[in-house]
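Written out below as structure tokens is the structure these notes cover.
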Amino acid sequence: MWPKRIVIPAVLALCLALPGIPLAAQVDGVITVEGDCTLADAITAANTDSATGACPAGDGDDTIVLTADVVVSAPEDGITVRGNNYGDVGLPVITTAITIEGNGYAITRAPEADPFRLLAITGDGTLTLDSVTGSGGIGSGGTPRGMGGFLLSFGTVSIADSTFSGNETDDSGGAIANVGTLTISGSTFTDNVAAKDGGAVYIISGEVEIADTIFSANSAGEEGGAVANIKTLTISGCTFADNVAGMEGGALFSSGGNGVAIISDSTFRDNHADFKGGGISNHNQMTISASAIIDNTTPGGGGGVLNEQGVLAITDSTLVNNIGERGAGIDNVYYSELSLVNTTLILNEAELEGGGLINRENSTATITNCAFVGNVAGESGGGIQAGRTSVHLVNTIVAGNAGGDCANIDGEFTGNNNLAGDDSCVGAAVDPEIVAGLPDDLTEMGEDELLSFTLVVNSALDAGDPDACPETDQRGVPREDGCDIGAWESVDTTE
Numbered sequence: 007m008w009p010k011r012i013v014i015p016a017v018l019a020l021c022l023a024l025p026g027i028p029l030a031a032q033v034d035g036v037i038t039v040e041g042d043c044t045l046a047d048a049i050t051a052a053n054t055d056s057a058t059g060a061c062p063a064g065d066g067d068d069t070i071v072l073t074a075d076v077v078v079s080a081p082e083d084g085i086t087v088r089g090n091n092y093g094d095v096g097l098p099v100i101t102t103a104i105t106i107e108g109n110g111y112a113i114t115r116a117p118e119a120d121p122f123r124l125l126a127i128t129g130d131g132t133l134t135l136d137s138v139t140g141s142g143g144i145g146s147g148g149t150p151r152g153m154g155g156f157l158l159s160f161g162t163v164s165i166a167d168s169t170f171s172g173n174e175t176d177d178s179g180g181a182i183a184n185v186g187t188l189t190i191s192g193s194t195f196t197d198n199v200a201a202k203d204g205g206a207v208y209i210i211s212g213e214v215e216i217a218d219t220i221f222s223a224n225s226a227g228e229e230g231g232a233v234a235n236i237k238t239l240t241i242s243g244c245t246f247a248d249n250v251a252g253m254e255g256g257a258l259f260s261s262g263g264n265g266v267a268i269i270s271d272s273t274f275r276d277n278h279a280d281f282k283g284g285g286i287s288n289h290n291q292m293t294i295s296a297s298a299i300i301d302n303t304t305p306g307g308g309g310g311v312l313n314e315q316g317v318l319a320i321t322d323s324t325l326v327n328n329i330g331e332r333g334a335g336i337d338n339v340y341y342s343e344l345s346l347v348n349t350t351l352i353l354n355e356a357e358l359e360g361g362g363l364i365n366r367e368n369s370t371a372t373i374t375n376c377a378f379v380g381n382v383a384g385e386s387g388g389g390i391q392a393g394r395t396s397v398h399l400v401n402t403i404v405a406g407n408a409g410g411d412c413a414n415i416d417g418e419f420t421g422n423n424n425l426a427g428d429d430s431c432v433g434a435a436v437d438p439e440i441v442a443g444l445p446d447d448l449t450e451m452g453e454d455e456l457l458s459f460t461l462v463v464n465s466a467l468d469a470g471d472p473d474a475c476p477e478t479d480q481r482g483v484p485r486e487d488g489c490d491i492g493a494w495e496s497v498d499t500t501e
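Everything in the sequence shown is counted per the numbering used here, starting at 7 for the first residue and increasing by one.
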């Protein structure tokens, strides 16, 4: 045993004595960017498993550790996939499995440098970014060269606890353009710009999951101020605020023949689209659950949500203070299908028709245990308007809406066990006490009060159709003893 105890310290001493080679850099599969070992050389060493510059050889799946900000002054390489030139890249194209541990440090393009994105990944590459700040990337050259201001991926990418700001492209994907598999968690995207679609993220293909991430003040010249999706997207626990689109989908645009978007526990606030779909624009299949859609605006249809030639289901959610020309809360249009369950629409304001919802142009809407309260329409249908379509209401309250609770323009209202504040909703029981019971200061309530607004009236208690009633209400409270009309069950939740 004695020789082993002598040899190990001797080896350590020899490693420490080697000039210019940090001890950390000698660990297999770990390359520390320090001294003369640059990030560009570290990526090449990891790609090739060969020593490059002052960086040691990679070893299979490699981890690159940043110890300072990295400023890139000139493009290192270009990326060509299936014969298409995708433009210049500031750092070597990633072709193997690499993790970059950023420790909060930045990877950025030098302000005076010519335009180029910072990172790209081929179909064989896998990249994990952890605690990295990515900024200043510029994708240029139009389609497809300009896609992805900071990152263009054809491979597999995982991003955690990172920030992307001030990236831009003259094409789509101000920060990221994805053609592979992308997972984002605990990150922030702010002030990224795309001339076309996806101010922050553009999903061309593959599967994307985004969780617990903030998108703020991103912009797109066309669709999707923050995110544009034409494939498969899952969003959970995210916040979209102050994003802008020049056409539609102020925060989110989802389109494509077989695309799917699943959204849960998220907030869309103060987003704007110059044409339509102030908060969200859907032309795909989409589900929204346990989410808040607040204060979004557009001069066109769908201040909160536009569903155009799409299939949309919204459950356990609230739409508040959205503004649009038609369908300020929701515009369901052109052969679309809409399902609303346990959802509250309150104080949405349309310049023309459908303060809460407009259902038009051969679309269908099925509404179960919802509440439309205090919405406004300048012409008709303050709560709901049907235009040449069918609206089916069950266990729903429509009351206190300016411009009439309902309007039927060559359409059809069907259903049962509904309550209204006036006689405009065909088949609904009229209860004037609903309007009388509304708070006088409804328009002055704060956001938290509106998101938890409860409309409980005696005529709604246990008056719902139990066969159509969801098992829980908007809050997740069980509907055990009878079924109330509306989104909230009148039970004692304090015990």
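C-beta atoms are modelled at their ideal positions from N, C-alpha and C, and glycine is treated no differently.
### Bridge-paired residues (DSSP) for ALA247
SER222, ARG275
#### Entry: Nonlocal neighbours in the same chain, by C-beta distance under 6 Å from ALA30, ignoring five residues either side
Its pLDDT being 39, under 50, ALA30 is placed unreliably in this model, and the value from its coordinates should be taken loosely. These residues qualify, in order along the chain: THR38.
### Message
Please classify TYR341 as buried or exposed, where buried requires at least 16 other C-beta atoms within 10 Å of its C-beta.
### Response
exposed
#### Entry: Alpha-carbon spacing of SER430 relative to LEU346, whole angstroms
Rounded to whole angstroms, SER430 to LEU346 spans 20 Å at the Cα level.
### Query
What residue range is occupied by the uninterrupted alpha helix (DSSP H) comprising ILE49?
45-54
### Message
Are the CB atoms of VAL400 and ASP301 within a distance shorter than 9 Å?
### Response
no
### Query
Who are the Cβ neighbours of GLY306 in its own chain at under 6 Å, not counting the five residues just before and after it?
Counting only residues of its own chain and dropping the five nearest sequence neighbours on each side, GLY306 has a CB closer than 6 Å to the CB of PHE281, LYS282, GLU331.
### Query
Would you report the Cα separation of SER222 and GLY152, rounded to the nearest angstrom?
When rounded, the distance between both Cα atoms is 22 Å.
### Query
For VAL36, which residues from the same chain have a beta carbon less than 6 Å from its beta carbon, with the 5 sequence-adjacent residues on both sides left out?
Correct list, in chain order: THR69.
### Query
Can you name, in chain order, every residue of its own chain whose Cβ lies under 6 Å from the Cβ of ALA247, other than the five neighbours on each side?
SER222, ARG275, ASP276
#### Entry: Start-to-end residues for the beta strand (DSSP E) that takes in VAL497
No beta strand (DSSP E) holds VAL497; DSSP gives it neither H nor E.
### Residues near SER211 by beta carbon distance below 8 Å, same chain, minus five either side
ASN184, VAL185, GLY186, ILE236, LYS237
### Query
Beta carbon of ASP120, beta carbon of PRO150: below 9 Å?
no
### Message
Check whether the region 448-459 and the region 419-436 touch, using three or more Cβ-Cβ pairs below 8 Å as the test.
### Response
Proximity of the region 448-459 to the region 419-436 falls short of the contact definition, fewer than three beta-carbon pairs being nearer than 8 Å.
### Validate contact between the region 158-178 and the region 126-145 using beta carbons, cut 8 Å, 3 pairs
yes
### Query
Under the three-state reduction of DSSP, which class applies to GLU314: helix, strand or coil?
Correct three-state label for GLU314: strand.
### Task
Quick one: using the 10 Å Cβ neighbour count with 16 as the cut-off for buried, is GLU477 buried or exposed?
Classification for GLU477: exposed.
### Query
Does the beta-carbon of THR86 have 16 or more other beta-carbons within 10 angstroms, so that it is buried, or is it exposed?
Result: exposed.
### Contacts around GLY161, its chain only, beta-carbon distance under 8 Å, and the 5 residues preceding and following it disregarded
The beta carbon of GLY161 sits closer than 8 Å to the beta carbons of ILE100, ILE127, THR128, GLY129, ASP130, GLY131, THR132, LEU133, GLY186, THR187 from its chain, once the five residues preceding and following it are set aside; these are given in chain order.
### Query
Which of helix, strand or coil does DSSP assign to ALA377?
ALA377 falls in the strand class under three-state DSSP.
### Message
Can you check which of these residues, ILE491, GLY243, ASN198, is closest to GLY231 by C-alpha distance?
### Response
Comparing alpha carbon positions, the residue from ILE491, GLY243, ASN198 closest to GLY231 is ASN198.
### Closest by C-alpha distance to SER272, when choosing among GLU254, THR240, ASN264
THR240
### Task
Evaluate ARG485 with the Cβ neighbour count: other Cβ atoms within 10 Å of its Cβ, from every protein chain shown; 16 or more gives buried, anything less gives exposed.
buried
### Message
Can you find the residues in the same chain that come closer than 6 Å, C-beta to C-beta, to SER295, ignoring five residues on each side of it along the sequence?
### Response
SER270, THR321, ASP322
### Query
In whole angstroms, what separates the C-alpha of LEU444 from that of GLY192?
39 Å
### Query
Can the beta-carbon of LEU325 be found closer than 9 Å to that of THR350?
yes
### Task
Compute the beta-carbon to beta-carbon distance between ARG334 and GLY316, rounded to the nearest angstrom, for a pair I have assumed lies under 8 Å.
Correcting the residue identity first, residue 334 is Ala in this sequence and not Arg. Their Cβ separation, rounded to whole angstroms, is 18 Å, which puts ALA334 and GLY316 out of contact at 8 Å.
### Query
Of all the beta strand (DSSP E) runs that stay within the bounds of the region 355-410, which reach a length of 3 or more residues?
363-366, 370-374, 377-379, 390-393, 396-400, 403-405
### Task
State the DSSP-derived secondary structure class of MET7, mapped to helix, strand or coil.
Low confidence applies here, because MET7 scores a pLDDT of 35, under 50, leaving its location unreliable and the question unanswered by this model.
#### Entry: Pick from THR44, LEU457, VAL497, GLU229 that is closest to ASN327, judged by C-alpha positions
LEU457
### Query
Can the beta-carbon of ALA267 be found closer than 9 Å to that of ALA251?
no
### Message
Pull the bridge partners of TYR111 from the DSSP assignment, please.
### Response
Answer is none; TYR111 lacks a bridge partner.
#### Entry: Bridge partner(s) assigned by DSSP for ARG332
GLY307
### Task
Figure out for me which residue from SER287, GLY145, GLY66, THR58 has the closest Cα to the Cα of GLY96.
Between GLY96 and the set SER287, GLY145, GLY66, THR58, the nearest pair of CA atoms involves GLY145.
### Query
Can you pull the DSSP bridge partners for THR149?
None; THR149 has no bridge partner.
#### Entry: Rounded straight-line distance, which links the Cα of ASP94 to that of ILE182
15 Å
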